Structures are given as C-alpha cells and as structure tokens.
Ligand code: XIL
C-alpha cells in the first residue's frame with residue numbers, strides 16, 4: 001500500500017478496518033513479515049506461556065526474552081543455589097515453536113543479590129571474592145544455556161553520564177572498580193564463544209548518555225574485550241523522545257562497527273509521570289501506530305540493527321502498569337488486552353508488504 005494512502009487511513013482511524021479487510025491474519029505474522037531481516041521478539045514470564053499470550057507469542061514472534069526469570073536475583077538467589085526451572089521452561093517453549101532466545105541479564109548493578117557482597121563471616125566480601133563469584137555466576141548460567149541463547153545482555157544499566165567515569169557509582173564500582181565490565185564480557189565469551197554479547201541500557205538516545213556509552217564501549221574494544229553490540233532498551237512514549245535522537249544514537253554505534261538491537265521496546269500512551277493525556281484514547285492509538293511505523297522504518301534503514309524486542313506480548317501484561325503512580329491502563333504494545341491486533345500492529349506489519 002502506498003505511503004500516502006497508509007497515512008490517510010491512519011489519520012482517519014480507519015487503518016485497522018482497512019487492513020483487516022485487505023488480508024487474513026492467519027497467513028501473516030510479524031515473524032514472517034520481518035523474516036531474515038530482523039528478529040521480532042517479546043519479553044515473557046513463564047506463567048504466560050500457557051495462556052493466550054503464549055499462543056500469540058508462538059504465532060507472531062520469532063524470538064523471546066525472559067522478562068525476569070534469568071536475572072541474577074531469580075536464577076541465582078544464593079551462592080550455592082541456582083533456579084533454572086522457570087527460565088528452562090521459556091527456552092523449551094522457544095525450541096518447540098522455533099523462536100530464538102535473548103538472555104537478560106548477567107549483571108545488573110542495582111539488582112545484584114546481597115550474597116554477592118557478603119563473606120561467610122558476615123564481613124564485606126573482598127574484591128577478589130566478588131570477581132570470583134561473578135565469573136562463577138556467568139560461567140554457570142551462560143554454560144547452562146550454551147548454544148540455546150544466541151545473545152546475552154551481559155551488563156545492564158551501567159552507564160551514568162553524571163559520573164566522570166561514565167559508570168554508575170554502585171557497589172560494582174565501589175568494590176571492584178571499572179574492570180568488572182571486562183571481566184563479565186570475557187567470562188561470557190569463554191562460556192559460549194558463539195553467543196553475541198551486548199551492553200544494554202535505557203535512554204541511549206540521550207546525547208550525554210549515548211556519548212558516555214560510546215566512551216565506555218570504545219575503551220572495552222581497545223582492550224580487546226568481546227563486546228558485539230549495544231542493547232537499546234527503548235522504553236519510549238507517544239511524546240518522547242524524537243526519532244531523530246534514536247537515529248543518531250544508532251548511527252553512533254554503527255560507526256563503531258557494532259551491532260544494534262532494540263531490546264525492551266514499549267510506547268506509553270502517557271507522558272512521563274503525566275497521566276492526564278491531551279488527546280482521546282482512539283486518537284492516541286492512531287498516533288501510536290504512526291510512531292511505531294516511523295520507528296520501524298528508521299530501524300529498517302539501519303542494516304546493523306538485527307532484532308527488535310517488545311517488552312511484553314500484549315497490553316494485558318506490561319511492567320508500565322505496575323509503576324508507582326501509574327493508573328494501570330497503559331497500552332504500550334502491538335496487541336490489546338484480548339490479544340487482538342491494534343492499529344500499531346497493522347502499521348508495523350505493513351511496512352513489510354512483500355515477505
Ligand atoms: C522489569 C520487569 O518488567 C518487571 O517485571 C520487574 O519487576 C522489574 O524489571 N529495564 C530492564 C528490565 O532492563 O529488566 C526491566 O524489567 C525494565 C527496565
């Protein structure tokens with residue numbers, strides 16, 4: 001369908017009906033439309049696999065990521081105890097339905113289990129002890145999923161543009177210092193040399209943060225640390241940020257020879273902390289469709305972007321509805337609370353008419 005016609009239908013709010021009339025849903029999916037060009041993923045909890053979200057995930061997507069089940073607090077709650085069951089269920093589902101798996105995440109500063117920092121005698125753990133535990137954790141988790149998880153978010157949310165080091169002033173910095181990043185990436189690479197290794201963060205389009213991230217990654221690459229890509233979380237809204245800023249950020253990392261992935265995409269219908277939207281819901285759903293379409297067109301213009309993962313399958317399950325102060329009725333994804341395609345779904349699907 002020609003672009004101007006698409007825009008007209010969207011602006012008239014007729015896109016959903018027009019698209020539905022134009023083709024049967026059963027034969028097309030995001031997975032087939034984007035085919036070899038992009039993996040299309042969704043974050044999921046094991047409990048969702050048996051319900052309608054699981055059906056939709058298998059039908060529409062080509063990749064999944066654990067929303068929480070692989071995080072250190074869940075998968076390694078005590079030094080001598082790993083809990084692989086829930087994450088194993090996700091990986092088994094992926095295999096059964098032919099989906100790829102992203103691993104999220106091996107090290108997340110603010111979400112590191114307390115035991116990492118404590119010695120047996122109740123004293124604070126030493127730097128060496130912490131590094132030993134980090135290596136052990138990564139070797140065990142990446143080793144467990146070797147060959148089954150194609151990409152890992154090795155380090156999550158480490159960047160802070162307000163620090164001269166560009167790194168968040170957390171316990172990792174305080175106890176270990178900036179070396180923790182290199183140790184984590186090297187351990188992951190040793191445990192699965194085929195896995196693609198990412199550094200993942202939010203607001204990567206914000207210039208100060210983007211530049212800090214670029215500085216940190218350049219430092220790692222200069223030391224020969226195996227980092228292959230940048231994970232851009234991309235928790236955005238209808239109103240923020242500009243797509244031009246996202247474009248510039250992708251370009252920055254493409255020029256460093258890195259792979260880019262959109263790792264946690266959602267688009268709130270609200271402005272940040274402002275739950276009094278200026279437009280009625282139907283209009284915002286159409287705006288969401290236009291903005292998703294433009295974002296995906298931008299992504300397609302970046303050959304180094306290899307995957308787009310939504311942070312949820314359908315609007316019945318989104319972390320945005322559990323934020324403090326949120327009204328709980330946000331609709332940030334491509335499918336509604338009954339797993340029906342929204343205008344945004346059709347807009348994203350129809351960017352790929354020929355596959
Ligand atoms: C969120 C999950 O969606 C929630 O269920 C959980 O309570 C907190 O974490 N950045 C990340 C994700 O890297 O791991 C976060 O996921 C969302 C923000």
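In UniProt numbering, the protein residues as written are 1 to 355. Ideal placement from N, C-alpha and C gives every residue a C-beta, glycine not left out. Keep in mind that this is a model prediction, so the values were computed, not measured.
Contact between the region 248-255 and the region 201-213 is present: 3 or more CB-CB pairs across the two stretches fall below 8 Å.
The beta carbons of residue 326 and residue 261 sit about 26 Å from each other, so the pair does not count as a contact at 8 Å.
A Cβ-Cβ contact shorter than 9 Å links residue 72 with residue 113. Annotation note: the region 100-144 contains the following uninterrupted beta strand (DSSP E) runs of length 3 or greater, listed N- to C-terminal: 100-108. Taking the Cβ of residue 234 as the reference point, every heavy atom of the ligand XIL lies at 8 Å or farther away.
With respect to the C-alpha of residue 57, the residue from 331, 179, 332, 311 having the closest C-alpha is 311. Beta-bridge partners of residue 32 (DSSP): none assigned. Rounded to the nearest whole angstrom, the C-alpha separation of residue 75 and residue 139 is 13 Å.
Judged by their CB atoms, residue 258 and residue 225 are not nearer to each other than the 9 Å cut-off. Taking a cut-off of 8 Å for Cβ pairs, the region 156-176 and the region 101-110 touch, as three or more such pairs fall below it. DSSP places residue 219 inside the alpha helix (DSSP H), whose first and last residues are 207-222. Between residue 187 and residue 221, the C-beta spacing is not below 9 Å. A check of alpha carbon separations from residue 285 across 238, 303, 275, 265 identifies 238 as the nearest.
Distance from the Cα of residue 294 is smallest, within the candidate group 304, 343, 243, for 243.
DSSP, reduced to helix, strand and coil, places residue 312 outside both helices and strands of the structure shown, so it counts as coil.
Counted as a single uninterrupted DSSP element, the stretch harbouring residue 155 is not any alpha helix (DSSP H) but the beta strand (DSSP E) occupying residues 151-156. A distance criterion of 8 Å places the beta-carbon of residue 326 beyond contact range of the ligand XIL, judged by its closest non-hydrogen atom. Taking 9 Å as the cut-off, the beta carbon of residue 234 is found no closer than this to the beta carbon of residue 65. For residue 172, same chain residues with a beta-carbon under 6 Å away, outside a window of 5 residues either side, are 109, 180 in chain order.
Across the set 87, 175, 334, 137, the C-alpha of 334 shows the shortest separation from the C-alpha of residue 265. Sequence-distant partners of residue 287 (beyond 5 residues in either direction) whose C-beta falls short of 8 Å from its own C-beta, in its chain, are 238, 279. Here the C-alpha atom of residue 195 lies approximately 18 Å from the C-alpha atom of residue 40. Contact between residue 314 and residue 53 is confirmed by a C-beta separation of about 6 Å, below the 8 Å threshold. Residue ranges of uninterrupted alpha helix (DSSP H) with 4 or more members, entirely inside the region 50-75 and ordered along the chain, are 52-60, 72-75. Distance between residue 85 and residue 152, taken at the CA atoms: about 19 Å. For residue 200, the three-state secondary structure derived from DSSP is strand. Distances between the C-beta of residue 322 and the heavy atoms of the ligand XIL include at least one below 8 Å. Per DSSP, the unbroken beta strand (DSSP E) holding residue 39 starts and ends at 39-44.
Inclusion of residue 125 and residue 83 in the CB contact set at 9 Å is not warranted, their separation being larger than that value. Residue 260 carries a strand assignment under DSSP once its states are collapsed to helix, strand and coil. Annotation: residue 49 to residue 92 spans about 11 Å, alpha carbon to alpha carbon. Just so you know, the alpha carbons of residue 301 and residue 38 end up roughly 12 Å apart. Ranked by Cα distance from residue 231, the first of 217, 162, 240 is 217.
Checking the DSSP bridge columns, you'll see residue 235 partnered with 266.
Less than 9 Å separates the beta-carbon of residue 69 from that of residue 90.
Under the DSSP definition of a beta bridge, residue 167 partners with 159.
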